[in-house]
Amino acid sequence: MDLSAIRAIEGMQADLRHAAREVRRIIRRQREQLSENERVLEWAKKAMQRDRDGPGWGFRAPS
Numbered sequence: 019m020d021l022s023a024i025r026a027i028e029g030m031q032a033d034l035r036h037a038a039r040e041v042r043r044i045i046r047r048q049r050e051q052l053s054e055n056e057r058v059l060e061w062a063k064k065a066m067q068r069d070r071d072g073p074g075w076g077f078r079a080p081s
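In my numbering, each number is its position in the sequence shown, counted from 1, plus 18.
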């Protein structure tokens with residue numbers, strides 16, 4: 019294998035490492051967003067239950 023082929027392979031490996039880091043970053047961000055969405059959903063369910071259960075607006079800001 020000549021030197022240019024070795025350098026090309028090393029370049030591809032670097033590109034793959036960079037892509038893997040980017041994918042991990044995207045997955046982490048998506049997990050954080052999912053957690054936030056789940057918290058908001060639970061808050062909304064509780065607010066709707068308060069509205070059904072009694073007087074008052076029920077929609078208080080999540081803490």
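Here a beta-carbon is modelled for each residue, glycine too, at the ideal position from N, C-alpha and C.
Reduced DSSP category for residue 30 - H, G, I as helix; E, B as strand; rest coil: Helix.
Straight-line Cα distance separating residue 48 from residue 56: Roughly 12 angstroms between the two C-alpha positions.
Below-8 angstroms beta-carbon distance, residue 24 vs any chain B residue: Looking at the structure shown, chain B is missing, and only one protein chain is on hand.
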